[in-house]
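Accompanying notes for the structure given below.
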Amino acid sequence: MSARRLAFERFPGMASDLALCDCTTWRVGGPAVALRPGSRGELADALGVLGDEGVPWFVLGRGSNVLAPDSGYDGVVIILSGVLAGVAWQRSDSGFAVDAGAAAPLPPLAGAACMKGAGGLAFAAGIPGTVGGAACMNAGAYGSSLSGLVESVEAVGPGGTVRIFPACECRFGYRSSSFQAGGWVVSGVRLSLPAADPALLRAEAADHLRRRRETLPLDMPNAGSVFKRPPDDKPPGRLIEEAGLKGLSCGGAMVSRKHANFIVNTGEAASADIVRLIEIIRERVEAASGTTLVEEIVYMGGRDLCAREGAR
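Mapping of the sequence shown onto the working numbering: residues 1117 to 1428, in sequence order.
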């Protein structure tokens, strides 16, 4: 049974057709079918059926850090919604305990934290993702990352099992966690935020937002940082710039002239253009510096699928 037929027959209330170019920040991608579970129970049911039928699935948040294939995704895209986007605040002796659903957008959460005097999240004010995605990849900026604030992660696994993982079991690393291996889908995160001066937090967040506007190509479709920072080496943007690659184009994809670790869609980029440009960057940076860059972005359906020519 096809993924589309399965989705609409088994979950008619959750299923919909999807154009991936409309829900990824690179504005690239073909057709797909989506399921939008609005509760842990619906998510557990969906994962159980998809697992039993052997249908591949991909969890999509706000569409950053993802390259979707132009040929489309021959599986089910899971987009969390409903109560899985909720946020509950509780005052504690030392600050705040926050229970955030995986679909909760990160910037409004960071903004609310600054207004309440809950410290630690100002760095996330401009990160265009969800709490679940941020936990999965251990999002960070300006020397901070989400893992330093995580008390526990709730996830739904095979067979619909719901489990709470203490932070020490999540294997957080630089832009990584145990949830990237697949199998478990983050459904919620509990954060522990220290009390802080709201005015100072708002000023810190405003400074981060200003720096993002000044240094990042926010006026063009992009997926965020393309490559991870190499251990004990220069930032990838500097390595790419020193290799003379700013402004390099492949089809409609271009290395940003504003920040070299960003690839922008100049209007008609295909997923294959972006994959090829990434290959060129890796080859030339390695030739120039001896450093092998590793992608931070995720290829929906795998790199080979994204490299294929497809309808735009």
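All residues carry an ideal CB built from backbone N, CA and C; glycine is no exception.
Judged by DSSP in its simplified three-state form, S1263 adopts helix.
Sequence-distant Cβ neighbours of V1175 in its own chain, meaning closer than 6 Å and more than five residues away, are I1194 and V1301. Checking the DSSP bridge columns, you'll see E1270 partnered with I1280 and G1304. C-alpha of D1323 to C-alpha of A1240: approximately 12 Å in a straight line.
Of all C-beta pairs linking the region 1334–1348 to the region 1374–1384, three or more are shorter than 8 Å, placing the two stretches in contact. A1148 is not a Cβ neighbour of G1179, given a cutoff of 7 Å.
Annotation: the continuous alpha helix (DSSP H) that includes S1387 extends over S1387 to S1405. By the criterion of a C-beta distance shorter than 7 Å, P1221 is surrounded in its chain by R1178 and T1246, once the five residues flanking it on both sides are discounted.
DSSP, read as helix, strand or coil, puts L1222 in helix. For the options F1124, A1404 and G1211, the alpha carbon positioned closest to that of E1357 is the one of A1404. For V1149, the secondary structure class from DSSP, reduced to helix, strand or coil, is strand.
Between the region 1193–1209 and the region 1289–1299, the count of C-beta pairs closer than 8 Å stays below three; the two stretches do not touch. In this structure, R1143 lies away from P1282, with their beta-carbon atoms at least 7 Å apart.
In this chain, the beta strand (DSSP E) harbouring A1204 covers V1203 to R1207. Contact annotation: L1237 and A1250 have beta-carbon atoms that are not nearer than 7 Å. The region 1346–1361 and the region 1382–1390 do not touch, with fewer than three beta-carbon pairs separated by less than 8 Å.
When secondary structure is reduced to three states using DSSP, F1378 falls in the coil class, being assigned neither helix nor strand. Cα atoms of A1234 and A1218: separation of roughly 19 Å, rounded to the nearest angstrom. In the same chain as G1167, and ignoring 5 residues on each side of it, the C-beta atoms closer than 8 Å to its own belong to P1274 and G1275, in chain order. With respect to the 7 Å criterion, L1183 and C1422 are classified as neighbours on the basis of their beta carbons.
Taking each of M1231, V1410, N1381 and K1362 in turn and checking the Cα distance to L1316, the smallest one comes out for M1231. The C-alpha of L1151 is placed about 19 Å away from the C-alpha of T1277. Boundaries for G1245: no beta strand (DSSP E) harbours it, and the DSSP string shows neither H nor E there.
E1158 carries a helical assignment under DSSP once its states are collapsed to helix, strand and coil.
The C-beta distance from V1371 to G1363 rounds to 6 Å, short enough to fall under 8 Å.
In the three-state reduction of the DSSP assignment, G1256 falls in the strand class. DSSP places G1188 in no alpha helix (DSSP H); its state is neither H nor E.
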